Amino acid sequence: MRHVIALDVGGTGMKAALVGVDAAPTGRTPPVLLYEARRPTGRERGPDAVVEAILDFAAELRDLGTARFGAPALAAGVAVPGIVDERSGTAVYAANLGWRDVPMRALLSERLGGVPVALGHDVRTGGLAEGRIGAGQDADRFLFVPLGTGIAGAIGIGGRIEAGAHGSAGEIGHIVVRPGGRACGCGQRGCLETLASAAAVGRDWAAACGDPQASAADAAKAVESGDARAHTVWHNAVDALADGLVTGLTLLDPKTLIIGGGLAEAGDTLFTPLREAVRRRVTFQRLPSIVPAALGDAAGCLGAGLLAWDLLSTEVTA
0 MRHVIALDVG
10 GTGMKAALVG
20 VDAAPTGRTP
30 PVLLYEARRP
40 TGRERGPDAV
50 VEAILDFAAE
60 LRDLGTARFG
70 APALAAGVAV
80 PGIVDERSGT
90 AVYAANLGWR
100 DVPMRALLSE
110 RLGGVPVALG
120 HDVRTGGLAE
130 GRIGAGQDAD
140 RFLFVPLGTG
150 IAGAIGIGGR
160 IEAGAHGSAG
170 EIGHIVVRPG
180 GRACGCGQRG
190 CLETLASAAA
200 VGRDWAAACG
210 DPQASAADAA
220 KAVESGDARA
230 HTVWHNAVDA
240 LADGLVTGLT
250 LLDPKTLIIG
260 GGLAEAGDTL
270 FTPLREAVRR
280 RVTFQRLPSI
290 VPAALGDAAG
300 CLGAGLLAWD
310 LLSTEVTA
């Protein structure tokens, strides 16, 4: 079985898969997942240990694929957080992992015996999967926005994901929606992700209800039960999110807004007020469809597999 390695690196854990490539994963046909596994990143041991954990995990997958299918993987795709230079294959910076200027593509290719490796940004890679086989596959222009610990975005245009001139296209979480507001890790105040990320909602609900362990999921449940305090927290987050999204759709004119991440798991508790808040804000703009992501937390791993598949497709047609 011809296959590739797909690896999605998060702040605390890694998801990986061996993906079959005998049939092109296009349209409504997803990649064939032959094997899936998870590992911790081991970030508590420092950035060098995280890099080594990634390389070891990839080598383990190569050996397993060789044993099971009689041949090593043809290529590998890896998605990592932070600032990523996809052209040079460099993981430039990741605050949650502590690394800087890691030549990830070269290191992985060497560890895997010289196979071609594609490196991608985690959110843009998830957007690639949502655009090709998920919620955005019928849209020639979409914006994928996962609401997790932070907020980022992937801009889908004509079947590709825009990286930008410097590798930071789509950073919608750092649009200032409340000038002079909360301090953000980027150095600004009032950024969207300080108000509408799952982490921000969880923090605000914990303060409102007095339970330091409360999460965004708990806030959603409290909204559904009619808690007035939770309604205020939720309303503030939805309003901030709508402001940021309308800025995005004004600039990009997407056909579809795809909302993912932990906050999207609230379903209609999020989407009903969010659609109405966006509708109230648009004037000349064309109102896009606002839909939940289809692939959940598998998007990054599936997207990494698609990056590897695209490497093979490029080699065949070159």
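FYI, in numbering that gives the first Met the number 0 the residues of the sequence shown are 0 to 317. The C-beta atom is built at its ideal place from N, Cα and C for all residues, glycine as well. Every value quoted in this text rests on a predicted model; they were computed, and no experiment measured them.
With contacts defined as CB atoms closer than 8 Å, ALA227 and TRP204 fail to qualify as a contacting pair. Distance from the CA of VAL290 to the CA of VAL245, rounded to the nearest whole angstrom, comes to 15 Å.
For SER108, the enclosing alpha helix (DSSP H) has its first and last residue at 103 to 110. One thing to note: VAL18 has its Cβ within 8 Å of the Cβ of VAL31.
Contiguous alpha helix (DSSP H) elements confined to the segment 236 to 302 occur at 267 to 280, taking only those with 4 or more residues.
ARG202 is not a Cβ neighbour of GLY189, given a cutoff of 8 Å. DSSP, read as helix, strand or coil, puts ALA182 in strand. Between PRO80 and GLY152, the C-beta gap is not smaller than 8 Å, which leaves the two residues out of contact. Taken atom to atom, the span from the alpha-carbon of ALA307 to that of ARG99 is near 24 Å. Check the Cα spacing between GLY155 and each of ALA236, ALA164 and ASP139: the tightest is with ASP139.
Cβ-Cβ separation between PRO272 and LEU142: approximately 19 Å, too far for a contact (criterion under 8 Å). DSSP places GLY155 within a strand segment (E or B) once states are collapsed to three. Secondary structure of HIS173 (DSSP, three-state): helix. With respect to the 8 Å criterion, GLU85 and ALA162 are classified as neighbours on the basis of their beta carbons.
Counting only runs of at least 4 residues, the segment 195 to 238 fully encloses the following alpha helix (DSSP H) elements, listed from N- to C-terminal order: 197 to 208 and 215 to 223. Short of 6 Å from the beta carbon of PRO115, and not among the five residues preceding or following it, lie these beta carbons of its own chain, in chain order: ALA74 and LEU310.
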